[in-house]
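Asks: Residue numbers (the working numbering): 9 to 452.
Sharing a structure below in structure tokens format, with a few things to ask.
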Amino acid sequence: MGVVSQDAISNYGSDGGYEAFSVGTTSCNLGNQPLSWQSSGVNHPVISQNLFRMKQVNGSRRFEQLGYSWLKHGFFALSQNACCSTCNGTDGSTLGVGCSDPYTSSRNGGQSSLGPKWAVNATTGQHTHVSSPGFSGSVARRLRVAISDLEVSNGSGDVNATRYFVECQYIAADDAASGNKNNNASYRPLSVSGSGSAWSFTAIGSTQREQAGIRAWKDTDPTVSEADVVTAEDGGMSALVILAAQATDLGGGMWHYEYAVQNLNSDRGIGGFWVPVRPDAVISNIGFRDVDYHDGDGPGGVNYDGTDWPGTTGNARVSWSTTDFGTNQNANAIRWGMMYNFRFDANVAPWPGKGTVNLAYFKPGVGTEATAQVITPDPCIRGDVNLDGFVDGLDIELFVERLISGGSSFQELCAGDLEMTRDGIINVDDMPNFADCLLTGGCG
């Protein structure tokens, strides 16, 4: 099942420093079996909406999630043909093969029929119906955004212009059981107009089908580095976390590193993130951004904890983490449908290839972390093969071992691949430069 279009938008009045809107969606059954769409019980999909912004800040670009909505629950599937030439129509309790089903923006924004995200396991697609706190005001439960995060934007193609994107995602148990849950999100560009406390959103361009919101960053700016992380979930299942990164030359030997991590459908979630850096790197302006839960979206009708992840340096890395699951099961993990940002400045240029970053799982299970290959600072002092922070005689033995075996860890490879144009291996071509490194105490 995929989101084939995001259509009309309903804009609502502001309240308490927030604006809110909702988007019409059309889903399509691209598979070969009908999908359950029953109004009673839990055998139906839920629909989420997210808002993203790409903006230039202090000479570098950021791609951030600004807000999210509670979930619309499916209740009846029409049998239309917006996506396929043939539709095997049904009585509405299922979405037939080749059929499409539209939900208007007003339906997707109807506050009384929206349920919380916390009651959904996006890996299995299963959910429960839970009691939720009452609501009031025009922005409650809807896709809300702080007015302070809004500015006029016509959706210009200029990579340096501020741009907004809306994402819609369907979660369904039968679709997940068939192994098709990773194509259920799509995004579309928006224009934004208004001032003061009155703002409105308009859909522009076309829906980018089966593409999660974070994909808009690289689609808009090809210099972005992107990686898919397949997570290990309960019951032998897997899920998808998407990582995007960019390095920007700030001048004067300084670089800005920007990372975005979107959890598309991992129930285990992400509770830690770290980036390798060389031991002598000067790190500054460490930053973090998350998404605020709202209106009692958490167990017992209490929002999940929103404490920011502190950023720290040490052990040759920049790292962030939330409180561990054993201490607080409601800590501020990157849960499904959420994207968090991590950033810092460093006096080190990027590694010429892709470095390895680590993502720690929040919930316990098989394994404690996953890895991804994206742009990172050069993580080593060239010639420091034993990674002790110095280039000296203690590096000779390990350099020779790696030269013979051809194998090494990522950071050992970084330190030992000493040709002017790195080829990704430690070989005899690196020997003259290694000797020079020993004589001078380092190669930079």
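Glycine residues also receive a C-beta, built at the ideal position from the N, C-alpha and C atoms.
Quickly, what does DSSP pair Q14 with across the bridge? List them, please.
Replies: Reading the sequence shown from its first residue, position 6 is the one you call residue 14. DSSP lists T33 as partners of Q14.
Asks: I need the DSSP call for W78, collapsed to helix, strand or coil.
Replies: The residue given as residue 78 occupies position 70 in the sequence shown. Looking at W78 - three-state DSSP - the assignment turns out to be coil, as it is neither helix nor strand.
Asks: Under the rule that 16 or more other beta-carbon atoms within 10 Å means buried, what is S164, buried or exposed?
Replies: Along the sequence shown, read from residue 1 onward, the residue named residue 164 stands at position 156. That one is exposed.
Asks: Measure the alpha-carbon distance for R351 versus I294 and round it to whole angstroms.
Replies: Residue mapping note: residue 351 aligns to position 343 of the sequence shown, counting from 1. Residue mapping note: residue 294 aligns to position 286 of the sequence shown, counting from 1. Rounded to whole angstroms, R351 to I294 spans 6 angstroms at the Cα level.
Asks: What does the alpha-carbon distance come out to for the pair S30 and S208?
Replies: Your numbering for residue 30 matches position 22 in the sequence shown. Your numbering for residue 208 matches position 200 in the sequence shown. Going from the Cα of S30 to the Cα of S208 covers about 11 angstroms.
Asks: Give me the DSSP bridge partner(s) of A154.
Replies: Counting from one through the sequence shown, the residue named residue 154 turns up at place 146. Answer by DSSP bridge pairing, in chain order: Y26.
Asks: Quick one: what does DSSP say V237 is sitting in, helix, strand or coil?
Replies: On the sequence shown, position 229 is the one that residue 237 refers to. Three-state DSSP puts V237 in a strand.
Asks: I think V269 touches Y348, with their Cβ atoms under 8 angstroms apart; what is that distance to the nearest whole Å?
Replies: Stepping through the sequence shown from its first residue, residue 269 is reached at position 261. Stepping through the sequence shown from its first residue, residue 348 is reached at position 340. V269 to Y348, Cβ: 6 angstroms. Contact.
Asks: Of the residues L103, E72, L367, which one's Cα is nearest the Cα of F84?
Replies: In the sequence shown, counting from the first residue as 1, residue 84 sits at position 76. Residue L103 is the option with its Cα nearest to F84.
Asks: In whole angstroms, give me the CA-to-CA distance for N51 and G204.
Replies: Against the sequence shown, residue 51 aligns to sequence position 43. Against the sequence shown, residue 204 aligns to sequence position 196. In a straight line, the C-alpha of N51 is about 43 angstroms away from that of G204.
Asks: Quick one: what's got a C-beta closer than 8 angstroms to L158's C-beta in the same chain, skipping five residues either side?
Replies: On the sequence shown, position 150 is the one that residue 158 refers to. For L158, where only same-chain residues beyond five positions count, the Cβ hits under 8 angstroms are E27, V200, G202, W207.
Asks: Looking at D275 and W78, is the spacing between their C-beta atoms short of 8 angstroms?
Replies: Sequence index remark: in the sequence shown, residue 78 carries index 70 (1-based). Sequence index remark: in the sequence shown, residue 275 carries index 267 (1-based). Going by C-beta atoms, W78 is not nearer than 8 angstroms to D275.
Asks: Below 8 angstroms, can you find three or more Cβ-Cβ pairs linking the region 132 to 141 to the region 106 to 121?
Replies: Short answer: they don't touch.
Asks: Looking only at its chain, what residues have a beta carbon closer than 6 angstroms to the beta carbon of G145, apart from the 5 residues adjacent to it on each side?
Replies: Counted from its first residue, the sequence shown places residue 145 at position 137. These residues qualify, in order along the chain: D23.
Asks: Since K63 is in the beta strand (DSSP E), which residue starts that stretch and which ends it?
Replies: Mapped onto the sequence shown, residue 63 falls at position 55. Here the beta strand (DSSP E) through K63 covers 54 to 65.
Asks: Nearest by alpha-carbon distance to A127: which of S121, H137, W263, F281 is it?
Replies: Position 119 of the sequence shown, counted from the start, is the residue given in the question as residue 127. Among S121, H137, W263, F281, the Cα nearest to that of A127 belongs to H137.
Asks: Between the alpha carbons of Y111 and V290, how many angstroms are there, rounded?
Replies: One-based indexing of the sequence shown puts residue 111 at position 103. One-based indexing of the sequence shown puts residue 290 at position 282. So the alpha carbons of these two residues sit roughly 51 angstroms apart.
Asks: For V283, which three-state DSSP category applies?
Replies: Here residue 283 corresponds to residue number 275 of the sequence shown, with the count starting at 1. The answer is strand: DSSP assigns V283 an E or B state.
Asks: Could you tell me which residues DSSP puts in a beta bridge with N129?
Replies: Translated into positions along the sequence shown, residue 129 becomes position 121. Its beta-bridge partners are Q134.
Asks: Say whether the region 254 to 261 touches the region 391 to 399, bearing in mind that this needs 3 or more beta-carbon pairs closer than 8 angstroms, one atom from each stretch.
Replies: Cβ pair count under 8 angstroms is below three, so no.
Asks: Please go through the same chain and pick out, in chain order, the residues whose beta-carbon is closer than 7 angstroms to the beta-carbon of S329, but skip the five residues on each side of it.
Replies: In the sequence shown, counting from the first residue as 1, residue 329 sits at position 321. G279, G280, W317, A368, listed in sequence order.
Asks: Our contact map puts N168 next to Q254 with C-beta atoms below 8 angstroms; I'd like the distance itself, whole angstroms only.
Replies: If you number the sequence shown from 1, residue 168 lands on position 160. If you number the sequence shown from 1, residue 254 lands on position 246. That belief does not hold up - the Cβ atoms of N168 and Q254 are roughly 13 angstroms apart, past 8 angstroms.
Asks: Rounded to the nearest angstrom, how far is the Cβ of G74 from that of F60, given a contact under 8 angstroms?
Replies: Taking the sequence shown and counting its residues from 1, the one referred to as residue 74 is at position 66. Taking the sequence shown and counting its residues from 1, the one referred to as residue 60 is at position 52. The amino acid occupying residue 74 in the given sequence is Leu; Gly does not appear at that position. That pair is a contact at about 7 angstroms.
Asks: Note the first and the last residue of the continuous alpha helix (DSSP H) segment covering W207.
Replies: As a working note, residue 207 is residue 199 in the sequence shown. Here W207 belongs to no alpha helix (DSSP H); instead the beta strand (DSSP E) covers 206 to 211.
Asks: According to DSSP, is F442 part of a helix, a strand, or is it coil?
Replies: By one-based count along the sequence shown, residue 442 stands at place 434. Here F442 sits in helix by DSSP.
Asks: Can you say whether L248 is buried or exposed, counting buried as having 16 or more other CB atoms within 10 angstroms of its CB?
Replies: Here residue 248 refers to the residue found at position 240 when the sequence shown is read from its first residue. Counting Cβ neighbours within 10 Å, L248 comes out buried, since at least 16 surround it.
Asks: Going by beta carbon distance, what residues of the same chain come within less than 8 angstroms of V382, once the five residues before and after it are set aside?
Replies: For this step, residue 382 is matched to residue 374 along the sequence shown. Correct list, in chain order: S233, E234, A235, L251, A252, A253, Y267, K362, G363, V365.
Asks: Kindly indicate which three-state DSSP category N349 falls into: helix, strand or coil?
Replies: Taking the first residue of the sequence shown as 1, we reach residue 349 at position 341. In the structure shown, N349 sits in a strand (DSSP, three-state: E or B).
Asks: Consult DSSP for P307 and reduce its assignment to one of helix, strand or coil.
Replies: Here residue 307 refers to the residue found at position 299 when the sequence shown is read from its first residue. It is helical.
Asks: What does the alpha-carbon distance come out to for the pair I212 and D15?
Replies: The sequence position of residue 212 within the sequence shown is 204, counting from 1. The sequence position of residue 15 within the sequence shown is 7, counting from 1. Rounded to whole angstroms, I212 to D15 spans 9 angstroms at the Cα level.
Asks: Could you check where the alpha helix (DSSP H) with S114 kicks off and where it finishes?
Replies: Here residue 114 refers to the residue found at position 106 when the sequence shown is read from its first residue. 113 to 116 is the extent of the alpha helix (DSSP H) around S114.
Asks: Tell me which residues share the same chain as D301 and place their Cβ nearer than 7 angstroms to its Cβ, disregarding the 5 neighbours each side in the sequence.
Replies: Here the question's residue 301 lines up with position 293 in the sequence shown. For the record, residue 301 in the displayed sequence is Tyr; it is not Asp. Result list for Y301: N311, Y312, G314, in chain order.
Asks: Is it right to say N66 is buried, meaning 16 or more other beta carbons lie within 10 angstroms of its own, or is it exposed?
Replies: Within the sequence shown, numbered from 1, the residue matching residue 66 stands at position 58. It is exposed - the Cβ of N66 has fewer than 16 other Cβ atoms within 10 Å.
Asks: Between which two residues does the beta strand (DSSP E) holding V200 run?
Replies: Taking the sequence shown and counting its residues from 1, one reaches residue 200 at position 192. Element bounds for V200: 193 to 203.
Asks: Considering only residues of the same chain and omitting the five flanking positions on each side of F333, which have a CB-CB separation below 6 angstroms?
Replies: Along the sequence shown, one-based indexing puts residue 333 at 325. Closer than 6 angstroms at Cβ, skipping near neighbours: F370, K371.
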